[in-house]
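Colleague: I am attaching a structure below and will ask some questions about it afterwards.
Number of protein chains: 2
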Amino acid sequence: MNDSETTTRPAAHFSLALLHAAQNVGDRLEGALNELGLSMAKQSALTQLAEAGEPLTLSELASRLSCVRSNITQLVDRLEGDGLVRRVDDPQDRRSVRAELTQVGMEKQRAGARAMASVQDELSKLLSGTDMSALENALEAFG
Amino acid sequence: MNDSETTTRPAAHFSLALLHAAQNVGDRLEGALNELGLSMAKQSALTQLAEAGEPLTLSELASRLSCVRSNITQLVDRLEGDGLVRRVDDPQDRRSVRAELTQVGMEKQRAGARAMASVQDELSKLLSGTDMSALENALEAFG
DNA sequence: CCTGTATTATACATACATGAACGACTCGGA
DNA sequence: TCCGAGTCGTTCATGTATGTATAATACAGG
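And the structure:
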């Protein structure tokens with residue numbers, strides 16, 4: 002008589018709790034980045050380019066960000082519109098287009114990284130040391 | 002887009018690990034629901050309606066799903082297109098529109114809940130009992 | 001040299017999320 | 001009774017994500 006079997010599974014779900022926690026954390030990171038005119042998507046792309054140290058093809062960027070190429074086409078459009086990145090032709094393979102950080106892009110990336118680190122510090126205060134290491138261990142199981 | 006390493010030296014950051022894990026978990030849930038023609042967004046809405054046991058105004062649904070009203074307008078459009086939900090006028094307040102589950106919608110919701118429970122069982126095998134309880138405890142800190 | 005196959009970026013349709021603006025409606029006072 | 005403030009759902013613009021299709025290019029083998 003009880004549909005709570007199928008509608009609600011109250012206690013068992015670490016997976017929904019995980020999604021919920023991720024949403025809160027994501028919102029806070031997003032909020033901090035928004036003040037810089039950035040988003041998680043933009044910051045992630047800028048960071049990949051900064052870490053690579055050289056222009057990356059859009060396919061390579063898609064691969065590093067674990068998303069489809071058509072997404073990167075649009076994201077780079079927006080980053081280019083913001084003046085943070087520019088498209089450069091690849092002389093080795095004329096099918097390819099590489100995304101290159103501009104000076105402004107490099108500076109934004111660093112500002113974004115600082116903003117994220119600051120949010121992270123703030124969040125870590127919510128956890129005791131033991132909870133934090135338990136969390137890190139448990140999350141490893143999901144690759 | 003998801004992703005993993007974002008900042009300059011990310012290795013120790015539980016928040017990015019959490020986002021990454023959440024993405025993996027979300028993808029698996031999404032994948033299971035897709036086979037039923039559902040998505041997380043749709044299933045969440047159906048479940049709120051099922052749990053309520055009566056038609057809800059779109060504002061109430063937005064509140065329960067923690068999202069803005071305009072999002073619900075679109076989501077209910079899609080659910081209505083799928084025949085899972087119908088809009089009914091609220092006689093008490095003519096500004097309001099209520100979303101009501103159809104028979105098919107009720108059945109879909111139950112099928113979706115079963116699919117999600119199955120994924121969850123599968124995921125829980127990746128964690129030891131102690132890791133799982135540690136994870137649940139840690140996640141509580143994020144509300 | 002051609003030709004088939006793979007890969008590149010892009011365009012397009014779609015799904016899901018936000019926020020701003022808007023018309024319709026409710027309701028507490030003046 | 002009217003009026004202003006607030007709430008309702010919708011529309012629109014935009015950002016982020018997917019998948020499909022397509023044109024240009026690369027490249028291996030015949």
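Going down the list, the protein sequences come from chains A and B. Just so we're aligned, residue 2 is where the first sequence starts under the numbering used here, counting upward by one. Just so we're aligned, residue 2 is where the second sequence starts under the numbering used here, counting upward by one. Think of the CB as a built atom: it goes at the ideal place given N, C-alpha and C, for glycine as much as any other residue.
Along the alpha helix (DSSP H) that carries L19(B), what are the first and last residues, could you check?
Modeller: Counting from one through the second sequence, the residue named residue 19(B) turns up at place 18. Note, L19(B): alpha helix (DSSP H), F15 to N35.
Colleague: Can you check DSSP and say which residues form a bridge with V120(B)?
Modeller: Along the second sequence, read from residue 1 onward, the residue named residue 120(B) stands at position 119. Answer is none; V120(B) lacks a bridge partner.
Colleague: Between the alpha carbons of E6(B) and N72(A), how many angstroms are there, rounded?
Modeller: For this step, residue 6(B) is matched to residue 5 along the second sequence. For this step, residue 72(A) is matched to residue 71 along the first sequence. Residue placement at E6(B) cannot be trusted, given a pLDDT of 39 that sits under 50; what the coordinates show is reported in the next sentence. Those two C-alpha atoms are separated by around 18 Å.
Colleague: Leaving aside the five residues before and after L80(A) along the sequence, list all residues of the same chain whose C-beta is less than 8 Å from its C-beta, in chain order.
Modeller: Along the first sequence, one-based indexing puts residue 80(A) at 79. Taken in chain order, the residues that qualify are K43, A46, L47, V86, A100 and G106.
Colleague: Using a beta-carbon distance below 9 Å, is L140(B) in contact with chain A?
Modeller: By 1-based counting over the second sequence, the position of residue 140(B) is 139. Yes, because at least one Cβ of chain A sits closer than 9 Å to the Cβ of L140(B).
Colleague: Along the chain, which unbroken stretches of the beta strand (DSSP E) at least 3 residues long are found entirely within the segment 48-124 of chain A?
Modeller: Within the segment 48-124 of chain A, the complete beta strand (DSSP E) runs of at least 3 residues are 86-90 and 98-102.
Colleague: Pick helix, strand or coil for A156(B), following the three-state DSSP scheme.
Modeller: No answer is possible for residue 156(B): the residues shown for chain B start at 2 and end at 144.
Colleague: Is there a Cβ from chain A that is less than 9 Å from the Cβ of A135(B)?
Modeller: Translated into the one-based positions of the second sequence, residue 135(B) becomes position 134. Closer than 9 Å to some Cβ of chain A, the Cβ of A135(B) qualifies, so yes.
Colleague: In the structure shown, what three-state DSSP assignment does K126(A) receive?
Modeller: As a first step, residue 126(A) must be located in the first sequence, where it is residue number 125. Reduced to three states, the DSSP call for K126(A) is coil.
Colleague: Between Q24(B) and chain A, is any beta-carbon pair separated by less than 9 Å?
Modeller: By 1-based counting over the second sequence, the position of residue 24(B) is 23. Taking Cβ atoms only, chain A reaches closer than 9 Å to Q24(B), which makes this a yes.
Colleague: List the residues of chain B that Q75(A) touches, going by C-beta distances under 8 Å, in chain order.
Modeller: Walking along the first sequence from the start, residue 75(A) turns up at place 74. The contacting residues do not exist; Q75(A) stays about 11 Å from chain B at best.
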